[in-house]
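First residue of the sequence shown? That's 142 in the working numbering, and the numbers climb one at a time after it.
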Amino acid sequence: MNTTLVKQVLSSAPSWSPLMLRVPAGIIFMAHGAQKLFGWFGGHGLEGTGNWMASIGLEPGYLMALMAGGAEFFGGLFILLGLLTRPTALVLAVTMVVAIVTVHLENGLFMSNGGYEFGLALLAMSVSLAVSGAGKLGLDNVLVQKRQQTGSPAAA
């Protein structure tokens, strides 16, 4: 594996800003994923979400619900922890683009009309984290430090 690429993916500037973005983004994504996967917080769970996704043309609905819910719940957890932040944020950004285009775009900008305002904010958060990385207190930093301590080629 290209060790330079691994180092670029995991390394980030020692800034507090990404942490301030990671915490709310992680919580929000986890909550929305929990609605889809487990029916928590007033959600419909996999079956209900899958049926709804199938009704709007996202087939197979159950699989789409599993993918979206899994990306949001586990992606939110990874973002919160600062673990594999860049690739996780990229997956979440793609998830938000799909949500915006397939569900919200036709309703205009504002959330009050079912628009894409909230999805756009989450997309912006995800893109920002994909660019910045985890920042301070992210597990990505622990992985980089461990690789350096063990003398792995990624440390070069």
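Note that CB positions come from ideal geometry on N, CA and C, so glycine has one too.
Practice item. Tell me whether L199 sits in a helix, a strand or coil according to DSSP, three-state version. Key: Here residue 199 refers to the residue found at position 58 when the sequence shown is read from its first residue. Three-state result, L199: coil.
Review point. If we call anything under 7 Å between Cβ atoms a contact, is L284 one with L187?
Key: If you number the sequence shown from 1, residue 284 lands on position 143. If you number the sequence shown from 1, residue 187 lands on position 46. Judged by beta-carbon spacing, L187 lies beyond the 7 Å limit of L284, meaning their Cβ atoms are not closer than that value.
Review point. Can you tell me whether DSSP reads G287 as helix, strand or coil?
Key: On the sequence shown, position 146 is the one that residue 287 refers to. Before going on, a small fix: residue 287 reads as Lys here, not Gly. In the structure shown, K287 adopts helical secondary structure according to DSSP, grouped into three states.
Review point. Would you call the CB atoms of F215 and L178 closer than 7 Å?
Key: Sequence index remark: in the sequence shown, residue 215 carries index 74 (1-based). Sequence index remark: in the sequence shown, residue 178 carries index 37 (1-based). No, these two residues do not count as a Cβ contact at 7 Å.
**Study point:** Helix, strand or coil at F214 according to DSSP, with G and I counted as helix
**Key:** Position 73 of the sequence shown, counted from the first residue, corresponds to residue 214. Looking at F214 - three-state DSSP - the assignment turns out to be helix.
Point to revise | Integer Cβ distance of S156 from G276, believed to fall under 8 Å | key: Looking up residue 156 in the sequence shown gives position 15. Looking up residue 276 in the sequence shown gives position 135. Rounded, the Cβ-Cβ distance is 5 Å, consistent with contact.
Exercise for review: Please name the residue in G279, L278 and T190 whose C-alpha comes closest to that of Y203.
Suggested key: Counted from its first residue, the sequence shown places residue 203 at position 62. Per the C-alpha coordinates, the member of G279, L278 and T190 positioned closest to Y203 is T190.
Exercise for review: Could you check if T229 is buried or exposed, using at least 16 other CB atoms within 10 Å of its CB as the buried criterion?
Suggested key: Translated into the one-based positions of the sequence shown, residue 229 becomes position 88. A residue is called buried when at least 16 other Cβ atoms come within 10 angstroms of its Cβ; T229 meets this threshold and is buried.
Practice item. Could you have a look at A234 and say whether DSSP puts it in helix, strand or coil? Key: For the purposes of this step, residue 234 is taken as the residue at position 93 of the sequence shown. Note: A234 maps to helix in three-state DSSP.
Review point. For M194, which residues from the same chain have a beta carbon less than 7 Å from its beta carbon, with the 5 sequence-adjacent residues on both sides left out?
Key: Residue mapping note: residue 194 aligns to position 53 of the sequence shown, counting from 1. Taking M194 as the centre and dropping the five residues before and after it, the same chain places the C-beta of G202, M205 and A206 closer than 7 Å to its C-beta, in chain order.
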